[in-house]
Every structure is written in C-alpha cells, then in structure tokens.
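All remarks here apply to the structure that follows.
2 protein chains.
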Amino acid sequence: MEDVARIAGVSSITVSRVLNQPGKVAEETRERVLNAIEAVGYVPNSVAGSLASRRTSVIAALVPTITNSIFADTIHGLTDVLTPAGYQLLLGATGYSLEREAQLITALLAQRPAGLLVTGLAHAERARTLMKSAGIPVVETWNVQGEAVDMAVGFSNYRACYDMVVRLAGNGHRCIGFVCAPTEANDRARERLRGYRSAIRDLGLPERAELVREAKFSFHAGAESVNRMRAEVPDLDAVFCANDILAIGALFECQRRGVDVPGDLSIAGFDDVELASQVNPGLTTVRIPRYEIGREAARMLMQRVDGRPVSPGILDLGFEIVERQSTVRPG
Amino acid sequence: MEDVARIAGVSSITVSRVLNQPGKVAEETRERVLNAIEAVGYVPNSVAGSLASRRTSVIAALVPTITNSIFADTIHGLTDVLTPAGYQLLLGATGYSLEREAQLITALLAQRPAGLLVTGLAHAERARTLMKSAGIPVVETWNVQGEAVDMAVGFSNYRACYDMVVRLAGNGHRCIGFVCAPTEANDRARERLRGYRSAIRDLGLPERAELVREAKFSFHAGAESVNRMRAEVPDLDAVFCANDILAIGALFECQRRGVDVPGDLSIAGFDDVELASQVNPGLTTVRIPRYEIGREAARMLMQRVDGRPVSPGILDLGFEIVERQSTVRPG
DNA sequence: CTGAAAGCGCTTACAG
DNA sequence: CTGAAAGCGCTTACAG
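Quick note, the sequences are listed as chains A and B, same order. For reference, each letter of the first sequence is one residue, going 62 to 392 in my numbering. For reference, each letter of the second sequence is one residue, going 62 to 392 in my numbering.
Listed below in structure tokens is the structure:
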C-alpha cells in the first residue's frame with residue numbers, strides 16, 4: 062500500500078479511501094491511485110484492514126454436513142445474498158455432533174466473523190454461551206420451535222409431520238409407520254417424530270412400537286427400514302419417511318420386490334428434493350423452503366450488521382404438502 | 062489478552078505462548094493462564110494474530126456450485142483433512158463463470174488464505190496471474206490435462222469418456238449418442254466431449270451431428286435430450302451422458318414412455334453418485350474419486366504450507382468404469 | 001522459562 | 001479533498 066501511495070504521489074490514507082470510499086476522492090487523484098494499484102499488482106490485505114476497522118467481511122456458517130443437498134441449497138441461498146454484499150463465507154460441518162459444533166464455534170469466532178449461522182436450536186451449553194457473548198448477530202436455521210439465541214429462520218418440523226399424517230389418514234390410511242432420522246443431537250428430527258406421534262394419537266390410529274424406526278440418511282437405510290416394517294407389521298398401509306432419500310430408497314426397494322406403490326403400500330417423504338418429482342410413481346412429500354432459509358438468514362444478518370433491527374426475529378417460512386402418486390389410495 | 066495476562070500475573074507474550082506453544086511454558090504458569098482465560102471468557106483474535114504472524118489458518122476453495130453433490134463430496138474430503146489440522150474453509154461458488162471466478166479469487170486473496178483450491182484448469186488470464194503471484198500454494202482439481210498454475214489433482218476426463226465409449230462398443234453398441242454438459246467455461250466438460258469424439262472416430266462408428274447434444278445439469282434436461290435424440294436418430298442404441306443426473310433423467314423418461322432400458326436403448330452415466338446403483342436397472346457409469354480429490358488436494362496444500370515439497374505436483378487419481386444393468390445387450 | 005520493544009498493514013478520528 | 005498520528009490485538013525475534 063505504501064508502494065502504491067508513493068507511485069501515485071499520495072498518502073496511504075488516500076489509497077485506502079480510493080478502495081473503500083471512492084466518492085470521497087477527487088476523480089483525478091482516484092485515477093492515479095487506480096493506475097498505481099494496477100501497476101504494482103497490489104492486492105489489499107483485509108486481515109490488516111479488519112484489525113484496524115474491527116470488522117470483517119466474513120460470515121461463518123455451520124451445517125451438519127455439506128454432502129446433503131438440502132443444506133447445500135441453504136448455503137446457496139446464503140451465498141446468493143452474501144456475495145453481492147461483499148461478504149465471504151466461512152463454512153464448517155459439524156457431522157451432527159454438538160461437541161464438534163461447539164469446537165467449531167470457538168474456532169470460527171476467533172476469526173471474528175461479522176455474523177454467524179448455525180443449524181437447529183439445540184446446542185451445547187458452552188456453544189450457547191459463546192454465541193450469546195460474541196457480540197455479533199446469530200441466526201439459527203431449519204427450526205423455529207424452542208428458545209433462540211438471537212434470531213431464527215425456518216419452519217415447524219412438528220407441524221409439517223403432523224399435517225402429513227393427517228393428510229395420509231384423510232386419504233384412508235390407517236396403519237401408518239414412520240422412519241425417523243437419527244434424533245441424537247438433531248432437534249429437527251426430534252420435532253418431526255413428535256409431530257408424527259401427536260397426530261397418530263390425536264387421530265386415534267394404532268401406536269405400535271414397530272411402527273417407528275430410526276434410520277441413517279441413505280437409500281439403503283430406507284430400503285432396509287421398509288423391509289423390516291413390512292415384515293413386522295402385516296397390515297401396514299403407509300410409510301412416512303423423515304426425508305426423501307429414505308423414502309426413495311424404500312420406493313426402489315418395493316419396486317425390486319414387486320410391492321406395488323401405492324397399490325400395496327403408500328410411501329411419503331420429506332424435503333421435496335428434485336428427485337422426488339422424477340421417480341415413478343412421483344413421491345408425496347413436504348416441500349421445505351431450504352433455499353429461502355439461507356437467503357432470509359443472510360438478509361437478517363446483513364440487516365443487523367448494518368445496525369438495523371430485524372423484525373420478526375423468529376421467521377417461520379412455512380411448508381407445503383405436495384401430493385403425488387405414491388400415496389394415492391384406490392377409491 | 063491484556064486482561065488475561067493481568068489476572069494471571071504474567072505478560073501477554075506468555076498468554077500467547079500458552080495458546081500457541083504450550084510446551085514452552087511452565088506447567089504452573091500455564092494453569093494460571095488457562096484459568097484466567099476461562100474466567101474472562103477470552104476468545105483469541107486470530108485477525109490480529111494473523112496480521113502479526115503473517116499467516117492465517119484459512120484455506121480458500123472455489124467450486125462451480127455447491128448444489129451438486131459431486132463438489133460437495135470434494136469439499137467434504139477437503140474439510141476432513143483441514144479441520145483436524147486446525148484450518149478453516151473459506152468457500153466460494155463461481156456458477157461456472159470464469160469472470161466470477163476471477164472476481165472471487167481477488168476477494169479471497171485479500172483474506173490472505175494459506176492456500177487456494179480451484180476447480181478445473183481453465184481460468185481467466187487475470188485469475189492465473191493472481192494465483193501465480195499470490196505466493197501461496199494453489200491446487201487445481203478435477204482435471205489433470207493442461208498447464209497447471211501450481212499443483213493439480215484429478216483424473217483424465219478425456220480418457221474416462223474414451224474408455225466408456227470403447228466399452229459400449231465392445232458390448233455391441235454401434236450408434237452411440239453423447240449428452241454433453243455445457244462446455245462454456247468448463248474444461249472438464251470439454252475434455253469429456255473430446256474423449257467421446259476421439260473414441261467414436263478411432264472405432265469407426267457413426268459421427269452424425271444429431272448424436273451430440275448439450276444439456277444443463279438436471280433430470281429434466283436428460284429426459285428432453287433422450288427424447289430428441291431418439292426422434293432424430295432412429296437406430297440409436299446407446300446414450301452416454303456426461304453426468305449421472307442427465308443419465309437418470311433419461312432413464313426415468315424411458316420408463317415413463319415404455320422404452321425398455323437396456324432392451325431398446327442402453328444408457329450410461331458419469332460420476333457414480335449413490336443413486337446410480339439404486340435405480341432399476343442399475344446405471345452403468347464412471348466412478349470418480351471425488352472425495353479423494355478433496356482429501357488429496359488438502360494434503361498437498363498442508364504439506365506445502367508446512368514448507369515441505371509436494372511430488373508429484375500433478376496427481377492423477379484415475380477412474381473406474383462400473384458396469385451395471387443399464388447397458389447390457391441381449392446376447 | 002519469561003518479558004520489553006517493535007511491528008504486522010491497514011483504518012479512524014481529527015485537522016486543515 | 002487530503003494527510004499526520006495513533007492504534008487495532010496480536011507475534012516475532014532478541015535478551016536474560
């Protein structure tokens with residue numbers, strides 16, 4: 062920067078202004094500085110800039126895993142707002158571990174991000190303390206039920222599952238199983254299970270233990286779950302899976318075994334990934350605003366970084382049940 | 062940090078040492094400092110630390126898009142090495158635009174990352190200059206053909222496609238179409254197309270213009286492409302798609318239209334995503350070391366950051382053709 | 001094993 | 001519209 066200043070015949074303060082507040086520099090001076098920057102191949106050091114100004118252009122985000130397209134969509138929404146605003150994304154994956162999440166929050170806060178996005182409302186106590194005392198805007202995502210550290214944007218996982226069960230029952234299904242995602246360290250999965258259970262109880266439908274299984278996120282786990290459940294519950298007429306990958310794994314398995322979907326068994330999923338509309342029969346599922354979660358979270362963070370208040374601090378983006386062929390009952 | 066030092070009754074240098082070189086501090090002193098850190102809730106400021114030490118614990122990575130599981134796998138491999146080594150990931154998405162890539166490289170380099178990962182070997186001239194003069198290790202990924210800025214890790218997209226066409230021809234296919242990903246700003250897609258064309262020519266198979274189509278990354282585009290190609294080329298007996306999503310979109314479309322795969326038409330893909338083994342019939346495809354690309358790229362960067370040389374600088378991880386039911390010819 | 005001094009490369013008030 | 005001085009919160013030699 063000193064070099065640029067010397068070549069342009071100005072002070073380094075002026076170089077700084079050309080970069081950050083170009084309007085405050087005379088056009089002729091600005092030209093000279095810009096030429097000098099070009100000539101030297103000067104790349105500003107924002108580490109120094111951040112230290113001096115006490116603010117960075119970095120937003121930190123923590124997701125359970127990047128290899129799941131639903132979080133990738135949220136990150137996409139996030140960067141679509143962040144990048145034009147001149148912010149960079151510092152990304153971490155917790156692997157669905159609250160302990161790892163707390164460690165990553167510690168490491169990320171050391172980088173002094175301007176804002177922080179985390180997934181879910183369940184965190185280690187240490188993590189909550191860190192987030193509360195960090196002095197930066199924090200947004201929790203993918204859930205709106207519970208006590209937020211600061212802001213939150215998502216939808217009710219509870220209601221989405223509750224409503225799907227009501228819909229399945231309305232279509233004539235009586236014996237409805239649920240394949241749950243691992244609930245350990247995952248408040249969204251717990252809410253979904255709770256929604257299923259409440260609806261079943263409220264509707265007076267059978268509540269046998271064999272009707273609920275926990276399964277990891279994979280096609281294979283969906284296939285295995287549907288096999289086990291069909292074996293254990295002969296009068297099973299619908300399986301509702303906590304995500305589309307499980308549901309599609311179950312669907313493919315039924316195809317392989319000659320089980321007609323929806324003739325012999327209905328299958329419903331959750332997320333509405335692109336694949337859900339492509340399989341045959343099309344998969345009934347819950348459409349989730351996953352891109353919008355990222356976009357709105359970014360918008361809220363940017364607003365607060367700019368010193369403007371955000372209202373509402375808890376933003377429920379809702380969901381939509383998408384009925385396709387996989388749950389159509391004859392008659 | 063001053064506060065911590067005062068409470069522990071030491072100088073700030075000692076606090077710094079407790080954090081960075083704990084072995085060099087007497088155990089009793091270390092204890093006192095650690096207690097003080099706990100008491101104050103001190104979170105180190107690595108912005109200041111980075112400026113003073115002139116190195117950051119950040120690695121920057123640029124991928125075309127995060128909403129494609131193949132790049133998500135590479136990022137996963139990257140973070141699996143980076144996180145244990147104490148590095149953070151600064152992530153950007155170029156949207157398959159070389160211009161946006163150059164802009165992002167400028168912005169990311171301002172953050173003074175310790176290393177940089179980019180996708181492909183094709184870049185804007187300005188981007189190449191920036192990367193060469195940045196003074197940090199750079200690794201280009203997903204391709205090993207062409208002139209690398211610094212290091213590269215990937216596989217030969219050309220050979221993979223060439224070999225798949227040879228395999229299809231060996232199975233008795235004569236009229237083989239190719240659905241290409243958009244080649245604009247994508248050297249991997251261009252290499253794949255080139256591999257297809259070379260093989261067709263070398264094998265003396267038909268080279269009609271209607272046998273090559275360009276299609277965006279979606280199930281829908283795969284469906285549309287196979288429809289068009291079947292309409293224009295009546296004796297078509299195989300369609301090779303440049304990625305599995307296109308291939309599976311084509312496969313589902315054939316199912317909907319009652320076209321038997323592989324009886325009436327064979328379909329092959331590229332990537333070997335988990336879905337490829339799940340669909341019925343299973344999809345013949347090319348297995349790509351996408352996780353390993355990220356892991357090896359991270360390893361190479363870490364090695365160079367530690368001042369150790371990396372050899373070979375261009376790492377070809379190979380590929381594997383996975384034959385499933387979608388290309389089995391009767392007889 | 002511990003500390004005083006200098007400095008990393010910028011930006012922030014403040015002046016003119 | 002432009003600049004001199006101070007300082008952001010650490011680490012790096014160097015000394016003892």
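From the three backbone atoms N, C-alpha and C, an ideal C-beta is built for every residue, glycine too.
If you check the CB distance, Leu254 (chain B) and Val227 (chain B) do not come in under 8 Å. At least one beta carbon of chain B lies nearer than 8 Å to the beta carbon of Gln316 (chain A). With a threshold of 8 Å between beta carbons, Glu335 (chain B) makes contact with chain A. With respect to Val108 (chain B), Leu112 (chain A) sits close: the two C-beta atoms are nearer than 8 Å. When DSSP reads this structure, Phe301 (chain B) sits in a beta bridge with B:Phe239, B:Ala329. For Ala154 (chain B), the residues of chain A that pass the 7 Å Cβ criterion are Thr140, in the order they occur in the chain. Annotation: Gly238 (chain B) to Met225 (chain B) spans about 12 Å, alpha carbon to alpha carbon. For Leu191 (chain A), the three-state secondary structure derived from DSSP is helix. Cβ neighbours of Gly233 (chain A) within its own chain (closer than 6 Å, five residues either side excluded): Arg390. DSSP places Gln149 (chain A) in the strand class (E or B) of the three-state scheme. Judged by DSSP secondary structure, Glu88 (chain B) falls outside any beta strand (DSSP E) and instead within the alpha helix (DSSP H) spanning 88-101. The beta carbon of Asp134 (chain A) sits closer than 8 Å to some beta carbon of chain B.
In this chain, Ala276 (chain B) is not harboured by any beta strand (DSSP E), its DSSP state being neither H nor E. Sorting A:Arg258, A:Gly256, A:Gly330 by C-alpha distance to the C-alpha of Phe278 (chain A) places A:Gly330 at the top.
Within chain B, the residues placing a beta-carbon under 8 Å from that of Phe280 (chain A) are Glu335, Leu336, Gln339, ordered along the chain. Between Tyr219 (chain B) and Gly256 (chain B) a beta carbon distance of about 4 Å is seen, short of the 8 Å cut, so the two are scored as contacting. Non-local C-beta neighbours of Ile166 (chain A) in its own chain, meaning closer than 6 Å and more than five positions away in sequence, comprise Ala188, Leu191, ordered along the chain. Boundaries of the beta strand (DSSP E) around Thr346 (chain A): 346-348. Three or more pairs of CB atoms, one per stretch, sit closer than 8 Å, so the segment 172-179 of chain B contacts the segment 195-206 of chain B.
In the DSSP assignment, Ile120 (chain B) falls within the beta strand (DSSP E) that extends over 119-124. Under the DSSP assignment, Leu178 (chain A) falls in the beta strand (DSSP E) whose first and last residues are 176-180. Distance from the CA of Thr346 (chain B) to the CA of Ile328 (chain B), rounded to the nearest whole angstrom, comes to 9 Å. In chain order, Arg351, Tyr352 place their CB closer than 6 Å to the CB of Asp134 (chain B), counting only its own chain and leaving out the 5 sequence neighbours on each side.
Of all residues in the segment 229-243 of chain A, none comes within less than 8 Å of chain B when Cβ atoms are compared.
With respect to the 8 Å criterion, Gly355 (chain B) and Leu139 (chain B) are classified as neighbours on the basis of their beta carbons. Interface criterion not met: the Cβ of His184 (chain B) is under 8 Å from no Cβ in chain A.
Residue pairing from DSSP places Ala213 (chain A) in a beta bridge opposite A:Glu201, A:Ile375. Per DSSP, Val226 (chain B) lies in no beta strand (DSSP E); the unbroken alpha helix (DSSP H) holding it starts and ends at 218-231. By alpha-carbon distance to Asp377 (chain A), the top candidate from A:Ile74, A:Leu150, A:Phe216 is A:Phe216.
8 Å or more divides the Cβ of Ala282 (chain B) from the Cβ of Pro105 (chain A). Taking the C-beta atoms as reference points, Gly343 (chain A) is found nearer than 8 Å to Arg385 (chain A).
Within chain B, the residues placing a beta-carbon under 8 Å from that of Ser107 (chain A) are Ala171, Gln172, Arg173, ordered along the chain.
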